[in-house]
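> Residue numbers (our numbering), protein chains in the order written: chain A, 1 to 185; chain B, 1001 to 1185.
In C-alpha cells:
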C-alpha cells in the first residue's frame, strides 16, 4: 500500500548463507524506511498445510510426535510440507492419509497463518477436513514416528489451558475450528 | 515419559553449522526410536514474549510492522526477544513500553506457545497486560518502524477471518484472550 512507505524495507542484495538438507538461510541487505541500510537473516520455506480432521462424532484427530528442536513430544494437528509445485489441497489429502490413515469426503480451506514472521517466510494453509473415513494403516516416512489421539473441542481447549497443547499452528487452527463450530464462520 | 520411548529421538552429535547475527543453526545426528540414525537441522533461539495489552475500554493494542521475510506489513500483538538471562516479565514490560509507549499496572502470565516446532526451539511466553497507561513516546530500536493500531475483540476476530491477521503468535494469543474474556480462564 502506498501509505505504508514509512514501514517498507527494500531488498538491496540477497545471498544464500546456509544451504542445508532441511533449512535454507538467506542474508539480505535492505534499505530501511529512513534511508539507512541493515541486514536481515531468514529461512526460506516452501510452505506447509495444517489439517483439522473432524470425525463424525465431533472429535478431532491429533498427533503426538517427538519434535527434536524442543526435545519433547508435541501434541499437534496433522501437518506437512508442500512439495515443490504441489497443489495445497493435494498436500492436505496426502499428509492426512499418510500420517493418520484417514481420508476425508469434504475439504474446506479456512485461511493461512504465518508461524514465524521474524525469521521465516513460511506460510501454513489451514484446512478443515470432514466426512472422515479410516482408509487403512498410516504410511509414515522412514524416519517419522507418530501416535494418533482423538479429542473433542472441549478436551482440546482444556489441553491448551493446561499447557498440553502449545504448538502455534495447532492453537491457531483451533481458533478457526471453534469459530467454524460455534459462530458458523 | 517412559511410555514415549517409541517416539523419542536421542542426540548422538551436535554442531553449529551457521552462526549469524540473528540466526544460529545447529545440525545434530540423532538416534531414532527404531535404532537407526538421522540428522536434524534447527534454529537455536533465546525465546520471546507476546503481550495482549488491554486498554480500559476493552480494546487491545496491536502493531503494524514490515516483516521482511514475508515482504509485507504484518498486523500483530507487541512481542520481542528475551535478552540473555532476562526475566520474562521484564522482557514483557520493556517491549510493551519500547514498542507502544504503554505501561501496565497488572501483568498476568497466561501460557507458552512454540511457534515453529519443526525447525526451531523458540518458545513464546504469553502475557496479559491490563491497567494500561500511556507513558510517552515509543522508544524503538534504531532499525525498528512500528505503527500502533487499537482493536476490539470482535474487530480482531474479523481481521483473522478476513486474513488481515495471520501472525501465528497473535492468533494464539487471541485464542487465550477470548478464553480469558469470555470463559474466565
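All C-beta atoms in this analysis are idealised placements derived from N, C-alpha and C, irrespective of residue type, glycine included.
Because the structure is a prediction, the values reported are computed rather than measured.
Using only the alpha-carbon positions, how far apart do residue 15/A and residue 130/A sit?
Sequence index remark: in the first chain, residue 15/A carries index 15 (1-based). Sequence index remark: in the first chain, residue 130/A carries index 130 (1-based). Answer to the nearest angstrom: the Cα atoms are 43 Å apart.
> Give the interface partners of residue 107/A over in chain B, defined as CB-CB distance under 8 Å, in chain order.
Within the first chain, numbered from 1, the residue matching residue 107/A stands at position 107. In chain order: nothing, as chain B lies at least about 18 Å away.
> Alpha carbon to alpha carbon, how far is residue 155/A from residue 12/A?
In the first chain, residue 155/A corresponds to position 155, counting from 1. In the first chain, residue 12/A corresponds to position 12, counting from 1. Using only the alpha carbons, I get a separation of about 49 Å.
> State buried or exposed for residue 65/A, treating a residue as buried only when at least 16 other CB atoms are found within 10 Å of its CB.
Taking the first chain and counting its residues from 1, the one referred to as residue 65/A is at position 65. Flag for residue 65/A reads buried.
> Going by the DSSP bridge assignment, what does residue 1133/B pair with across the sheet?
Counting from one through the second chain, the residue named residue 1133/B turns up at place 133. Partner(s): 1103/B.
> Tell me where the beta strand (DSSP E) around residue 1161/B begins and ends.
The count along the second chain starts at 1 and reaches residue 1161/B at position 161. Per DSSP, residue 1161/B belongs to no beta strand (DSSP E); it is in the alpha helix (DSSP H), 1153-1161.
> State the Cα-Cα distance for the pair residue 58/A and residue 93/A, rounded to the nearest angstrom.
The sequence position of residue 58/A within the first chain is 58, counting from 1. The sequence position of residue 93/A within the first chain is 93, counting from 1. Those two C-alpha atoms are separated by around 19 Å.
> If we cut at 8 Å on Cβ distances, does residue 115/A have a partner in chain B?
Within the first chain, residue 115/A is the residue found at index 115, counting from 1. So, interface residue.
> Can the beta-carbon of residue 1175/B be found less than 8 Å from the beta-carbon of residue 22/A?
Here residue 1175/B is taken as the residue at index 175 of the second chain, counted from 1. Here residue 22/A is taken as the residue at index 22 of the first chain, counted from 1. No, Cβ-Cβ distance for residue 1175/B and residue 22/A is not below 8 Å.
> Is the CB of residue 199/A under 8 Å away from at least one CB in chain B?
Absent from the structure is residue 199/A, since the part of chain A shown begins at 1 and ends at 185.
> Identify every run of the beta strand (DSSP E) within the segment 38-114 of chain A, keeping only runs that are complete inside it and at least 3 residues long; order them along the chain.
48-53, 60-67, 72-76, 79-81 and 102-113
> Could you list which residues in chain A have their beta carbon closer than 7 Å to that of residue 1004/B, in chain order?
Locating residue 1004/B in the second chain gives position 4, where the first residue counts as 1. Correct list: 73.
> Below 8 Å on C-beta distance, what does residue 25/A contact in chain B?
Residue 25/A sits at position 25 when you count from the first residue of the first chain. Within 8 Å Cβ-Cβ: 1018, 1020, 1023 and 1025.
> Would the beta-carbon of residue 126/A fall within 8 Å of that of residue 112/A?
As a first step, residue 126/A is located in the first chain; it is residue number 126 there, counting from the start. As a first step, residue 112/A is located in the first chain; it is residue number 112 there, counting from the start. Yes; because the gap between Cβ atoms is below 8 Å, this pair is in contact.
> Does any residue of chain A have a CB that is nearer than 8 Å to the CB of residue 1154/B?
In the second chain, counting from the first residue as 1, residue 1154/B sits at position 154. No - not a single Cβ of chain A is within 8 Å of the one on residue 1154/B.
> Hey, could you find the ends of the beta strand (DSSP E) residue 1030/B is sitting in?
The sequence position of residue 1030/B within the second chain is 30, counting from 1. Where residue 1030/B is concerned, the enclosing beta strand (DSSP E) stretches over 1024-1031.
> Does residue 1010/B come out as helix, strand or coil in the three-state DSSP assignment?
Taking the first residue of the second chain as 1, we reach residue 1010/B at position 10. DSSP places residue 1010/B in strand when its eight states are reduced to three.
> Measuring only between beta-carbons, confirm whether residue 54/A sits less than 8 Å from chain B.
Here the question's residue 54/A lines up with position 54 in the first chain. No, residue 54/A lies away from the interface with chain B (no Cβ there is under 8 Å from its Cβ).
> Along chain B, which residues have their Cβ under 7 Å away from the Cβ of residue 186/A?
Examination of residue 186/A is not possible in this model, given that chain A is present from 1 through 185 alone.
> What's the call for residue 141/A, buried or exposed, on a 16-neighbour Cβ count within 10 Å?
Taking the first residue of the first chain as position 1, residue 141/A is located at position 141. It is exposed - the Cβ of residue 141/A has fewer than 16 other Cβ atoms within 10 Å.
> So, under 8 Å CB-CB, residue 1004/B and residue 1074/B are touching, yes? Tell me the CB distance rounded to an integer number of Å.
Translated into positions along the second chain, residue 1004/B becomes position 4. Translated into positions along the second chain, residue 1074/B becomes position 74. At roughly 36 Å, the Cβ-Cβ gap does not stay under 8 Å, so residue 1004/B and residue 1074/B are not in contact.
> Under a three-way DSSP split, which group does residue 1182/B fall into?
Walking along the second chain from the start, residue 1182/B turns up at place 182. Note: residue 1182/B maps to helix in three-state DSSP.
> Do we get a CB-CB distance below 8 Å when we pair residue 70/A with the residues of chain B?
Numbered from 1 along the first chain, position 70 holds the residue referred to as residue 70/A. With 8 Å as the cut-off, residue 70/A counts as an interface residue toward chain B.
> Pull up the distance between the alpha-carbon of residue 24/A and that of residue 45/A, whole angstroms please.
Locating residue 24/A in the first chain gives position 24, counting from the first residue. Locating residue 45/A in the first chain gives position 45, counting from the first residue. Roughly 7 Å separates the two Cα atoms.
> Closer than 9 Å, Cβ to Cβ, to anything on chain B: give me those residues from the segment 129-149 of chain A, in chain order.
142, 143, 145, 146 and 147
> Return the residue from the list 1060/B, 1169/B and 1047/B that minimises the CA-CA distance to residue 1148/B.
On the second chain, position 148 is the one that residue 1148/B refers to. Ranking the options by Cα distance to residue 1148/B, first place goes to 1060/B.
> Whose C-alpha, out of 185/A, 8/A, 36/A and 43/A, is nearest the C-alpha of residue 1018/B?
On the second chain, position 18 is the one that residue 1018/B refers to. Answer by Cα proximity: 43/A.
> Below 8 Å on the Cβ atoms is my contact criterion, and I expect residue 231/A with residue 157/A to pass it. Report the Cβ-Cβ distance as a whole number of Å.
Only positions 1 to 185 of chain A appear in this structure, which leaves residue 231/A out of reach.
> Do you know whose CA, among 1049/B, 1070/B and 1128/B, lies nearest residue 1055/B's CA?
Looking up residue 1055/B in the second chain gives position 55. Among 1049/B, 1070/B and 1128/B, the Cα nearest to that of residue 1055/B belongs to 1128/B.
> Shorter than 8 Å from the beta carbon of residue 1102/B to some beta carbon of chain A?
Against the second chain, residue 1102/B aligns to sequence position 102. Not one chain A Cβ lies under 8 Å of residue 1102/B.
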